[in-house]
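In case it helps, the working numbering puts the sequence shown at residues 133 to 792.
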Amino acid sequence: MEPIIKSVDQLYCDSLTSYSRRKTIPVKIGDVIVGGDNPIVVQSMTTVDTMDTEGSIEQSIRMIEAGCELVRITAPSIKEAENLRHIKDGLRKRGYNTPLVADIHFTPNAAEVAARIVEKVRVNPGNYADKKKFEVLEYTDITYQDELDRIRERFLPLVKICKEHGTAMRIGTNHGSLSDRIMSRYGDTPLGMVESALEFLRICEDENYFDIVISMKSSNTQVMVQAYRLLVEKLDQGGFKPYPLHLGVTEAGEAEDGRIKSAVGIGTLLEDGLGDTVRVSLTEDPEFEAPVAKALIDRYAHRAGHAEIKPIQDYPVNPYEHFKRHSEEIYNFGGHNVPRVITDISKIEKISEKEMKTVGHFYLPELDKWKMNDQGCDFVYSGSNLIPFMLPNGMKEIQDATIWTSGTDQQNKFPLFDLQSFAAAKKYHTQLNFLEIFDTQIVEAIALISDRKDTVLILKTENKHTMPAVRRAFVSLLEAKSEIPVVVKVSYPDQSQDETMLYAATDVGGLLIDGLGDGIFMSLEKEEEHSREEILEQIKLHNSVGFGVLQAARTRMSKTEYISCPSCGRTLFDLQETTAMIRKRTDHLKGVKIGIMGCIVNGPGEMADADYGYVGSGKGKITLYKGKEVMKRSVPSEKAVDKLIEIIKEDGMWNEPEII
């Protein structure tokens, strides 16, 4: 697809090169103000049954003490909505004044009760007053307007109650629960998500009610990012107020995968100054969500004042549709190749075959053979510490150019140059050379390699505004019509594992979302001295994160993807235990997407991208899906995983796991 050149004046953010928060109207939610000049707010959601008053109070307290500033609680029916009063009173008696948010899905009456009790209600336009039966419907302009009038009639009472009681509202569109009406007119698109929210927003503004936060969530990070950007553009074009944005990736999953996927979506938007409140949705206890959200947000506390980045006049990337920068194929980079993973092992002297398991390659000494798992890296960078054994076919070695030039194997190993050594070199590899540069050297690099067909760029930056600085270098390549493949290199000083996951997912994932980049290279160059064991652990983490970022950005599917919702009070089974059980049986199914949903509310819609689905439909009962099609209903939970595997086998997508 050809890029659409957009003037920066038409874009979704203040600047693509200079960090600043989008200026929004402030929305008061109890004692918390979202938007305006206020810090980004962290929120999360309880997982216990809303009718368990004490359990809800205790869990809310754990969440608050972990850093949660807004607590969301599901209210699927009137009885849960009424019980919010007891939960709120119990928290206040314990000295906690954190605002509560009622999560509403199908029941307008419950919303109207909750809006008189809590400080904010969240409604999902696709569920609240619209229809979702996965039907394709035909509408004339008149019949479409009739449906809008019906929605207004159902929604207006809630708006009036919120206005009367000073209750805020989140209009929260979810990609997977777009109504049949929206799907029929706009399709399964970011535009459909935006229009779904704007319909409700117009009703609010007609009533002069403006205490509104908006969200555009999806489990697909590309769709999520595009929808938020498009929302901002449509708000500006439509003359709406600049409402605050709540950011989140739905059903992100658990552990490393959940953190990386959340950061790819949320971090990409934060980089451009979008977002006023954040929730990281993990299939873990909710008190673990707030620290992850805070770690993402804290990066921007001192982001303003970064080193200057050359402004962009016209942006040669369409930020509202997936665009892939075309790069020429060089060796196995660029062209139609998947993005490559380069893992840095340069701080390990005399690395052994056994230690290569940290990069996904396993040596079997009894057979004198190598095996590779789904995260076997494509290249290792050894620097000046040569690898003293023959590598498997699935992996190649990159050496510092000075080492390579004087080495004995200049065919199977590849040199890494800097700008100066590349310009002065007398010898290059005939097929593949790497030129490592800073973003500020991009113009010199283009001049040096514009006619070469044997060189891949390794692009890095020293600017703390990392993603936009590297993005600016890509713009220079696009402007010069250079099709050289580019691998993005990132390195971080000693920090927690969570921070490494989140930062890499933001800095590289944000570029991949926009179709920029042909690989990821996580470097050890900023690490302090550590023991051999500690360095090997860091290498293992970097390798895993590299593959995780590519998968989360939907650019290279190397492992099974689990679209699993965070637990909530509606959940009909133990999500964490069930997800772990399904993962144990299926995590060898490369590229297969499995949705694991706790209830029908987060059922076939929310797992719209999944190949197969496992959805709670009653106590101890599971409904199994292939795509959006129900395959088996009311399966006893103790048999459901076996039945799910039967469906996968019948579909021809099953293979037996290999034992390494």
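Glycine included, C-beta positions come from ideal geometry on N, C-alpha and C.
The C-alpha of Leu668 is placed about 18 Å away from the C-alpha of Ile530.
Residue state for Val470 is assigned as coil, using DSSP reduced to three classes. Proximity to Tyr452 across Gly222, Pro322, Leu333 and Asn352 peaks at Pro322, based on C-alpha coordinates. Glu611 and Pro443 do not touch by the CB rule: their CB atoms are close to 13 Å apart, not below 8 Å.
Boundaries of the alpha helix (DSSP H) harbouring Lys393: Ala387 to Glu403, taken from the DSSP string.
Within the region 580-628, the runs of beta strand (DSSP E) that reach at least 3 residues and sit entirely inside it are, in chain order, 587-592 and 618-623.
Between the C-alpha atoms of Pro289 and Glu197 there is a straight-line separation of about 35 Å.
Apart from sequence neighbours up to five positions away, the residues of its chain that approach Lys658 with a beta-carbon distance below 7 Å are Ser623, Tyr624 and Pro625, ordered along the chain. As DSSP reads the structure, Ile652 sits in a beta bridge with Val473 and Val620. Burial state of Ile578 is buried, judged by a 10 Å Cβ sphere holding 16 or more other Cβ atoms.
Contact annotation, Val620 with Ile652: C-beta distance approximately 6 Å; criterion of less than 8 Å satisfied.
In the DSSP assignment, the residues bridged to Met301 are Val253 and Ile344. For the 7 Å CB-CB criterion, Lys479 and Leu656 form a contact. Between Val166 and Val174, the CB-CB gap reaches or exceeds 7 Å. If you look at Asn544, you'll find it isn't in any beta strand (DSSP E); DSSP assigns it neither H nor E. Per DSSP, the beta-bridge partners of Ser176 are Val203. Ranked by Cα distance from Pro768, the options Thr755, Val470, Val762 and Glu761 are led by Thr755. Buried is the label assigned to Phe549, since at least 16 other Cβ atoms lie within 10 Å of its Cβ. Bridge partners of Glu461 according to DSSP: none are assigned. Distance from the CA atom of Ser749 to the CA atom of Arg604, rounded to whole angstroms, is 49 Å.
DSSP places Ala213 in the helix class (H, G or I) of the three-state scheme. In the structure shown, the three-state DSSP call for Gln507 is coil.
A residue is called buried when at least 16 other Cβ atoms come within 10 angstroms of its Cβ; Met522 does not meet this threshold and is exposed. Sequence-distant Cβ neighbours of Glu279 in its own chain, meaning closer than 6 Å and more than five residues away, are Arg313. Taking the C-beta atoms as reference points, Leu216 is found no nearer than 7 Å to Ala242. Non-local C-beta neighbours of Ser676 in its own chain, meaning closer than 7 Å and more than five positions away in sequence, comprise Glu388 and Gln507, ordered along the chain.
Here Val575 is exposed, its C-beta having fewer than 16 other C-beta atoms within 10 Å.
Distances from the alpha-carbon of Tyr360 to those of Asp235, Ile346 and Glu594 put Ile346 closest.
Per the coordinates, the alpha-carbon of Leu428 lies some 43 Å from the alpha-carbon of Thr562. Secondary-structure assignment with DSSP links Met729 through a beta bridge to Val747. Using a Cβ distance threshold of 7 Å, Ser459 and Pro231 do not count as a contacting pair. Distance from the CA of Gly370 to the CA of Tyr260, rounded to the nearest whole angstrom, comes to 24 Å. The C-beta of His597 has 16 or more other C-beta atoms within 10 Å across all chains shown, which makes the residue buried. If you check the CB distance, Gln191 and Thr206 do not come in under 7 Å. It is roughly 15 Å from the alpha-carbon of Leu648 to the alpha-carbon of Gly397.
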